[in-house]
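Since the structure comes first, as C-alpha cells, the remarks are kept for the end.
There are 2 protein chains.
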Amino acid sequence: MAPVASEKLVKGVLDGQVSAIARLITRAESGEESSEAALGEIYKRTGNAHIVGITGVPGSGKSTLVAELCKTIRADGRKIGVIAVDPTSPFSGGAILGDRIRMGELGGDEGVFIRSMATRGALGGLSRATLPAIDILDAAGFDLIIIETVGVGQDEVDVVRAAHTTVVVSAPGLGDDIQAIKAGILEIADIHVVSKCDRPDANRTITELKTMLALGISLGDHADRPIPVLATSAASGEGTDELVEAIDDHLKWLKSGDEWQKRCYRTAEMRLLKAAEDILRDKFESNRDGKVQALAKRLAASEIAPQPAARQLLDEVWKEISL
Amino acid sequence: MAPVASEKLVKGVLDGQVSAIARLITRAESGEESSEAALGEIYKRTGNAHIVGITGVPGSGKSTLVAELCKTIRADGRKIGVIAVDPTSPFSGGAILGDRIRMGELGGDEGVFIRSMATRGALGGLSRATLPAIDILDAAGFDLIIIETVGVGQDEVDVVRAAHTTVVVSAPGLGDDIQAIKAGILEIADIHVVSKCDRPDANRTITELKTMLALGISLGDHADRPIPVLATSAASGEGTDELVEAIDDHLKWLKSGDEWQKRCYRTAEMRLLKAAEDILRDKFESNRDGKVQALAKRLAASEIAPQPAARQLLDEVWKEISL
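If you're matching them up, the sequences are chains S and E in order. Residue numbers for the first sequence, in the numbering used here: 1 to 323. Residue numbers for the second sequence, in the numbering used here: 324 to 646.
So, in C-alpha cells, the structure goes:
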C-alpha cells in the first residue's frame, strides 16, 4: 500500500475520518519529519474541543471512570476522544495495555476514539505525539477530549497543563504509600472524584478531600470557585451524570471570565518550551557521534564541567543551525 | 553572617568539612549563578566515589534499607553520603520528610552525610542540584554515595543513569497496581533486593524476580554477568552484609573490563544534555515577558504551530547568546 500523502491525511482528519486520524497519530508517533507540515496545518484548526485531563494513581479506577464518561457523553450525541498515556518501561518502550482492553466495549462507535500511548524513557520523556494527538482529535471535530494519565512524574504534570479542566480521581482504601505519590496531584484538581463510592470507607476519603479543600491547602488558581468533590461508582453507575455536569460547568466557568484565555496561554507557553526542547534533543542526537562525543569524553575525564561544556556545545550546534 | 566566599567553600568541601558541603549544596539548590564556578572546580575533583542508585516504589522499604547500609558501611570505616530525592508536589515544592526522619538515628556521625532533596515541578523537572550534590560529596572524599529515589518517572531514570551501580528494591505483598509502576525499573537493576524477607510471601517475590531474570527479560547491559537477587530484613538485619558485598563486587566487575568507562561516558552524555536543557530553560525563563510571550500568544491563537514557533524562538534567543 502506497503511503497516503500528507495533504490527503489532513483533509481526512478535518473530515473526521477515523482511519485518517489513526494514521496521522501513528505518523506523529514515529516522528517522521514529513508529519511536521501536516501537524502544523492541523494545529491551525484547533481550539474548539474541551480538553479534560483525568489523572489518579494506579488503582484509583480512572480507566473505568473514563469508560463510563465516554458512554454518558456519547448518549448526549457528543463526540469524545481519549488519549491514555501509560506508564511504560523506560527501556523496552512497551505500553501496558490494560486501559485499552478495559475500554474495549466502546469499540465500533465512530463517535468515540480511544488511543493508548506509551511514555518514552531515556532521552525522550513524554511521547512527543501526545500533544499532537490531542490537536488531531480537536481538529477532527471531537467535542471533548480526555487525556488519561497516571498522576506521577513531571510528564504527567505537563500533560495536565495541556488540559482546560483537570479531574483528579481518588479511591478509598489505597495505602499510605500510594497516597504519598498522590499528594502532588491533588492540588491541580478542578474537580475531585472519589471512585468506588459503594465501598464503606469511601466517606472517609470524601471527608478528607473536603477538609483539605476547606483548609485551603489546594486553592491554587481556583480561589473564587469552589472545587466540587464528587462520588462515583462503576458498579452502580452512580455519579457519572454529575461528573459530566461538573465538567460542563467548569467549561462555562472558564469561558465566563478570562480563565479560558489564561489556560490557553499557559498551554501555549508549555508547548513552546517542549518544542524547543525537542529540537535541542534532536540536534543532540544527530551530533551524538561528533561534537557531543568529543565533549562528553572530556566531561567523563573531569577535564571540563557540565555547564561550560553545554554552553560550548550549544554554541557550536547553533552556529550550524543558523547557517 | 557574611556569605562565605566560593573559594573558601570549595576548599572546605575538598577538606571534607560537613558545614562547607551543606552550604555548597544549598547554594547549588538556590541556583545562584555564583555557584557555577565553584561547582565547576568541584567537578574537576570528582571521579573517585562509587555512586550507587537505590530505587523502588513507595512502600518497598528502601529508606530503611539505606539506613542499614549506612550503618554497615560506616562500620568498615568508609565514608558514606546519601542524597534522597523525594517525590514532591509540583506546585508547592515541599518535600516529604519521611525519609529524612527515618534516617535520623545516623545523625552526629561526620562520616555519614544525608540530604533530602525535592524534585522540582513545573518547568524544572529533577532538581538541578541533585547531580552537583553528588559531585560535592565525591570531591569531599566520600567513598560511597547513595542516590535514593522513588522509581517512577523520567527524572528517576535520569538519576539512575548517574549511578555506577543500581539496586532495585522490591517488597512482597504490594498490590498489582504498584507493581505496574515498578515494571519500568526492574530492568535497570544491577542488583535486586527483596526487602521484608521475614514476611511469609517474600519467597514468592524472590522466585518471581529469579524467573524474570532466567527468562532473560531484563538482561540489558548485563548479558555476561548474573544479576544477584538478595533478601534483606530490616527487622532482623539479615542480608545487609551480603548487599554491601554485592555492591563492592559490582564495582570490581565494572573496573575489571571497560564497563566502568562506558558508564562514566553515559553519565557524561546525560549531564551534557541536562546542562544544555537547563541553559535553554533559563533563556526561556529570562525571555518569558518578551520573545516567549509574543510567540506564545500567536501559538495560543493557533496562528503558528509549535515547531516553527520554537525554531523561531531558538533562533532569536541564540543570536543573542552568541553575540
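Note that the Cβ used here is the ideal one computed from N, Cα and C, for glycine as well. Every value quoted in this text rests on a predicted model; they were computed, and no experiment measured them.
Item, Value
"Distance cut-off 6 Å: residue 576 of chain E Cβ against heavy atoms of the ligand NAP", "The ligand NAP is absent from the structure shown, which contains no ligand whatsoever."
"N- and C-terminal bounds of the alpha helix (DSSP H) containing residue 335 of chain E", "329 to 337"
"Alpha-carbon spacing of residue 236 of chain S relative to residue 203 of chain S, whole angstroms", "16 Å"
"Enclosing beta strand (DSSP E) for residue 374 of chain E [first to last residue]", "373 to 379"
"Buried or exposed (CB count within 10 angstroms, at least 16 for buried), residue 60 of chain S", "buried"
"Proximity test, Cβ basis, 7 Å: residue 318 of chain S and chain A", "You won't find chain A in this structure, because its protein chains are S and E."
"Euclidean distance between Cα positions of residue 367 of chain E and residue 599 of chain E", "19 Å"
"Residue closest to residue 607 of chain E, alpha-carbon to alpha-carbon, out of E:584, E:569, E:351, E:632", "E:632"
"Residue 656 of chain E at chain S interface by Cβ criterion, 7 Å", "What is shown of chain E runs 324 to 646, which leaves residue 656 of chain E out entirely."
"Residue 46 of chain S at chain E interface by Cβ criterion, 7 Å", "yes"
"Distance between beta carbons of residue 66 of chain S and residue 163 of chain S, contact taken as under 8 Å", "Wrong, their Cβ atoms sit about 13 Å apart, outside the cutoff."
"Through-space distance from residue 468 of chain E to residue 457 of chain E, alpha-carbon basis", "7 Å"
"Neighbourhood of residue 316 of chain S by C-beta distance below 7 Å, restricted to the same chain and skipping five residues each side", "291"
"Where residue 310 of chain S sits in the DSSP three-state scheme", "helix"
"Residues, ordered as in the chain, of the stretch 327 to 345 of chain E that lie near chain S by beta-carbon distance below 7 Å", "none"
"Residue 401 of chain E - DSSP class collapsed to helix/strand/coil", "coil"
"Within-7 Å CB hit, residue 602 of chain E to chain S", "yes"
"Straight-line Cα distance separating residue 129 of chain S from residue 73 of chain S", "25 Å"
"CB contact below 7 Å: residue 423 of chain E versus chain S", "Because the pLDDT at residue 423 of chain E is just 42, under 50, the model does not fix this residue reliably, and the point stays unresolved."
"Pairwise C-alpha distance: residue 594 of chain E and residue 604 of chain E", "15 Å"
"Residue span of the beta strand (DSSP E) that contains residue 489 of chain E, given as start and end", "488 to 493"
"Within 7 Å, strictly: CB atoms of residue 436 of chain E and residue 372 of chain E", "no"
"CB of residue 336 of chain E within 7 Å of CB of residue 463 of chain E, strictly", "yes"
"Residue 406 of chain E to residue 586 of chain E span [Cα, whole Å]", "20 Å"
"Contacting residues, own chain, Cβ-Cβ under 8 Å from residue 529 of chain E (five flanking each side not counted)", "517, 520, 552, 554"
"Beta carbon of residue 470 of chain E nearer than 7 Å to that of residue 344 of chain E", "no"
"Interface residues of chain S facing residue 623 of chain E [CB-CB closer than 8 Å]", "261, 264, 265, 267, 268"
"Extent of the continuous alpha helix (DSSP H) to which residue 215 of chain S belongs", "Note, residue 215 of chain S: premise wrong, no alpha helix (DSSP H); not H, not E."
"Chain-ordered chain S contacts of residue 359 of chain E [CB-CB under 7 Å]", "307"
"Short CB-CB distance (under 7 Å) between residue 40 of chain S and chain E", "yes"
"Supposed close pair residue 27 of chain S, residue 35 of chain S - CB separation, criterion 8 Å", "4 Å"
"Inter-residue Cα distance where the pair is residue 353 of chain E and residue 334 of chain E", "20 Å"
"is_contact[residue 142 of chain S, chain E] using C-beta, thresh 7 Å", "no"
"Local Cβ density within 10 Å of residue 233 of chain S, reported as buried at 16 or more and exposed below that", "buried"
"Proximal residues of chain S, C-beta to C-beta of residue 619 of chain E below 7 Å", "265, 268, 269, 272"
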